[in-house]
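Below: the structure, in structure tokens.
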Amino acid sequence: MQLGATPHVPFEATEMLRTAASRSVARDAALTRALDITAALAAIVLLLPLLVLIVLALKLTSSGPVLFAHRRIGRNGKAFPCYKFRSMVANSAEVLERHLAECPEARAEWTRDQKLRSDPRVTPVGRILRRTSLDEVPQIFNVLRGEMSIVGPRPIVEGEMIRYRQYISAYCSVKPGITGLWQISGRNNTTYRRRVALDTAYARSRSIRLDIAIIVRTVPAVLSGSGCY
Numbered sequence: 001m002q003l004g005a006t007p008h009v010p011f012e013a014t015e016m017l018r019t020a021a022s023r024s025v026a027r028d029a030a031l032t033r034a035l036d037i038t039a040a041l042a043a044i045v046l047l048l049p050l051l052v053l054i055v056l057a058l059k060l061t062s063s064g065p066v067l068f069a070h071r072r073i074g075r076n077g078k079a080f081p082c083y084k085f086r087s088m089v090a091n092s093a094e095v096l097e098r099h100l101a102e103c104p105e106a107r108a109e110w111t112r113d114q115k116l117r118s119d120p121r122v123t124p125v126g127r128i129l130r131r132t133s134l135d136e137v138p139q140i141f142n143v144l145r146g147e148m149s150i151v152g153p154r155p156i157v158e159g160e161m162i163r164y165r166q167y168i169s170a171y172c173s174v175k176p177g178i179t180g181l182w183q184i185s186g187r188n189n190t191t192y193r194r195r196v197a198l199d200t201a202y203a204r205s206r207s208i209r210l211d212i213a214i215i216v217r218t219v220p221a222v223l224s225g226s227g228c229y
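Residue numbers are given in the UniProt record's numbering: position 175 of the sequence shown equals residue 175, and the series is strictly consecutive.
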């Protein structure tokens with residue numbers, strides 16, 4: 001064989017490598033699912049008293065349902081109802097449309113980030129829930145249903161898919177998560193382009209070790225409230 005030539009890999013060896021890789025992927029998927037279910041059930045038990053208080057607070061301070069299901073895009077591009085505690089007024093769509101029409105600065109911010117720092121739709125209780133990320137706790141049930149994972153990219157709406165451009169396949173290759181690299185990296189304090197880069201990096205290098213590291217770093221990130229609004 002000439003120096004520097006690529007060695008020929010027998011067909012049998014190639015098939016063995018493919019089988020081993022497939023088994024490794026299946027094993028990681030099973031471990032991730034086991035971690036998701038265990039963490040979700042533990043969270044429900046630990047947070048049950050707090051969940052009851054949140055339900056009562058929402059019922060007593062504003063009209064409308066306690067839970068809000070928003071259509072989001074999940075793995076393989078499949079849409080699913082993403083659950084949240086309602087943090088906005090019942091007629092939020094009308095309030096947003098009027099606010100964007102009356103305030104050019106808000107319209108520019110919404111076009112750029114799909115977020116508003118001073119959002120007139122958010123209720124007083126909703127501001128507390130968002131600041132502490134407690135509005136996202138009901139997504140535990142999305143995890144149990146298999147639509148989300150504890151760790152992954154934040155679920156996006158259909159209109160945001162165009163922002164991912166050629167990287168949308170990376171986003172759709174994994175389940176969206178309750179927490180992820182974006183959440184521990186400043187959340188709304190980062191640009192949307194940075195968010196896409198973080199989601200793509202996670203999808204391409206996902207592992208159980210990385211998931212556990214993100215979960216551990218989520219606690220101080222939530223307590224600091226950085227980027228939450």
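By construction, the Cβ of each residue, glycine as well, lies at the ideal position given by its N, Cα and C atoms. If you're wondering where the values come from, they're calculated on a predicted model, not measured in any experiment.
Residues of its chain near residue i, where Cβ-Cβ distance is below 6 Å and the 5 sequence neighbours each way are ignored
{"i": "T6", "result": "Reliability of the predicted coordinates at T6 is poor, the pLDDT of 46 falling under 50, and the value obtained from them is presented with this limitation in mind. There are no such residues."}
{"i": "P153", "result": "Y171, P176, G180, D199"}
Beta-carbon contacts of residue i that lie in its chain and below 8 Å, excluding the five residues immediately before and after
{"i": "L129", "result": "I54, F85, S87, D135"}
{"i": "L41", "result": "L144"}
{"i": "E158", "result": "R71, I73, A79"}
{"i": "I215", "result": "A39, I150, V151, T179"}
Per-residue burial, residue i [other beta carbons within 10 Å of its own, 16 or more giving buried]
{"i": "P138", "result": "buried"}
{"i": "S92", "result": "buried"}
{"i": "S224", "result": "exposed"}
{"i": "V222", "result": "buried"}
{"i": "E97", "result": "exposed"}
{"i": "R209", "result": "exposed"}
{"i": "R187", "result": "buried"}
Assigned secondary structure, residue i (DSSP; H/G/I helix, E/B strand, else coil)
{"i": "M88", "result": "strand"}
{"i": "G186", "result": "coil"}
{"i": "V157", "result": "coil"}
{"i": "V174", "result": "coil"}
{"i": "T179", "result": "strand"}
{"i": "S149", "result": "strand"}
Proximity of residue i and residue j at Cβ, strictly below 7 Å
{"i": "R75", "j": "K175", "result": "yes"}
{"i": "A101", "j": "G64", "result": "no"}
{"i": "R193", "j": "W182", "result": "no"}
{"i": "A57", "j": "V125", "result": "yes"}
{"i": "L116", "j": "A108", "result": "no"}
{"i": "V95", "j": "R112", "result": "no"}
Residues of its chain near residue i, where Cβ-Cβ distance is below 7 Å and the 5 sequence neighbours each way are ignored
{"i": "A39", "result": "I150"}
>> Quick check on the DSSP output: what are the complete alpha helix (DSSP H) runs of length 4 or more inside the stretch 62-122, in order along the chain?
In response: List check, alpha helix (DSSP H) in window: 92-102, 104-113.
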